[in-house]
Amino acid sequence: MKKVFSRPKSLKPAPFHYCPGCGHSILHRLIGEVIDEMNLQERIIGIPPAGCAVLAYNYFDIDMGEASHGRAAALATGLKRVLPDRIVFTYQGDGDIAAIGTAETIHAAARGEKVTTIFVNNGVYGMTGGQMAPTSILGQNTTTTPGGRKESRDGCPINLSEMLAVAKGSAYIERTAINSPANILKTKKAIAKAFQVQLKGLGFSLVEVLSPCPTNWKMTSVESWKWIEEVMMKSFPIGVIKDTTG
Ligand SMILES: Cc1ncc(C[n+]2csc(CCOP(=O)(O)OP(=O)(O)O)c2C)c(N)n1
Ligand code: SF4
Numbered sequence: 561m562k563k564v565f566s567r568p569k570s571l572k573p574a575p576f577h578y579c580p581g582c583g584h585s586i587l588h589r590l591i592g593e594v595i596d597e598m599n600l601q602e603r604i605i606g607i608p609p610a611g612c613a614v615l616a617y618n619y620f621d622i623d624m625g626e627a628s629h630g631r632a633a634a635l636a637t638g639l640k641r642v643l644p645d646r647i648v649f650t651y652q653g654d655g656d657i658a659a660i661g662t663a664e665t666i667h668a669a670a671r672g673e674k675v676t677t678i679f680v681n682n683g684v685y686g687m688t689g690g691q692m693a694p695t696s697i698l699g700q701n702t703t704t705t706p707g708g709r710k711e712s713r714d715g716c717p718i719n720l721s722e723m724l725a726v727a728k729g730s731a732y733i734e735r736t737a738i739n740s741p742a743n744i745l746k747t748k749k750a751i752a753k754a755f756q757v758q759l760k761g762l763g764f765s766l767v768e769v770l771s772p773c774p775t776n777w778k779m780t781s782v783e784s785w786k787w788i789e790e791v792m793m794k795s796f797p798i799g800v801i802k803d804t805t806g
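In this text, residue positions in the sequence shown follow our numbering: the first is 561, and each later residue adds one.
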């Protein structure tokens, strides 16, 4: 029988521990497909976050590191400088990258480190129970903002990707979403482009992915896809934010 669909080579045959409908599972598959298609399995190094994806090294069949919470950009910098022929990517949630890891990330982008970041924006601290993250939008219900995030009390969300686009050393930044087959395909394309930017040595590259967390959003998968489209994208519009590659 002809096989028409299979697991990417660079994903281990291990079942994901993620909740049903979680964006992390889809994103892992997309990254695996891109690694296979670009023939990077022996060359790439991934750095998982602290967060729901902390065990990503159990799933990717590639060299993996592990950084403490928020420090992935610093570890990526070190690895890439010592091993310049390797492709290095970090995989980070919004709490990891936009709260505790803000400094590392902004400085890595400003220095133009030739690494790639996959920034998974699900608008909450998923692993620890759905608390407000720097990316929780105004009005969003989280366990620490019952009744909704209020500007006067909680401040405004941070659009980290737009901030990083201001840094001279960033070469390519795009925001995509996991909420429709078309947007999932665009996410895959953006990941491939980010790796190409790194292969060409053009500077810091980042793909922010609006990603469903049905468990903490207390929604069904279908509702979470709709919420991304109808609510989240108003604060975090998808599209290319910076592209200096010409
Ligand atoms: C230094 C430190 N502080 C706090 C924590 C607890 N902690 C673990 S994961 C996490 C937040 C994860 O949220 P996010 O980065 O948005 O990823 P998600 O789980 O939503 O994928 C926190 C605060 C930790 N592990 N280390
Ligand atoms: S809590 Fe949210 S981010 Fe974490 S695995 Fe479940 S759905 Fe995914």
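Glycine included, each C-beta is placed from N, C-alpha and C at the ideal position.
To which residues of the same chain is residue i closer than 6 Å at the C-beta, ignoring the five residues directly before and after it?
i: residue 637; result: 668, 673
i: residue 798; result: 735, 736, 737
Could you round the C-beta distance between residue i and residue j to whole angstroms and report it? I think they count as a contact, below 8 Å.
i: residue 630; j: residue 660; result: 3 Å
i: residue 646; j: residue 603; result: 6 Å
i: residue 648; j: residue 605; result: 5 Å
i: residue 651; j: residue 717; result: No, residue 651 and residue 717 are not in contact; Cβ-Cβ is about 21 Å, not under 8 Å.
Expressed to the nearest angstrom, what Euclidean distance is found between the alpha-carbon atoms of residue i and residue j?
i: residue 689; j: residue 627; result: 21 Å
i: residue 619; j: residue 575; result: 8 Å
i: residue 737; j: residue 584; result: 12 Å
i: residue 705; j: residue 561; result: 53 Å
i: residue 764; j: residue 782; result: 34 Å
i: residue 796; j: residue 719; result: 7 Å
i: residue 571; j: residue 712; result: 45 Å
i: residue 598; j: residue 714; result: 43 Å
i: residue 703; j: residue 779; result: 14 Å
i: residue 653; j: residue 610; result: 8 Å
Using C-beta distances below 7 Å, list every residue in its chain close to residue i, excluding the 5 sequence neighbours before and after it, in chain order.
i: residue 800; result: 734
i: residue 596; result: 568, 569, 570
With DSSP as the reference, label residue i as helix, strand or coil.
i: residue 735; result: strand
i: residue 801; result: strand
i: residue 784; result: helix
i: residue 657; result: helix
i: residue 758; result: helix
i: residue 743; result: helix
i: residue 714; result: helix
May I ask you to check if the CB of residue i is nearer than 8 Å to at least one heavy atom of ligand 3?
i: residue 716; result: This structure lacks ligand 3; its bound ligands are ligand 1 and ligand 2.
Does the stretch 685-701 come into contact with the stretch 723-738, if we say contact requires no fewer than three beta-carbon pairs (one atom in each stretch) closer than 8 Å? Result no; under three Cβ-Cβ pairs closer than 8 Å.
Specify whether the stretch 743-759 and the stretch 694-704 touch according to this definition: at least 3 beta carbon pairs, one from each stretch, less than 8 Å apart. no
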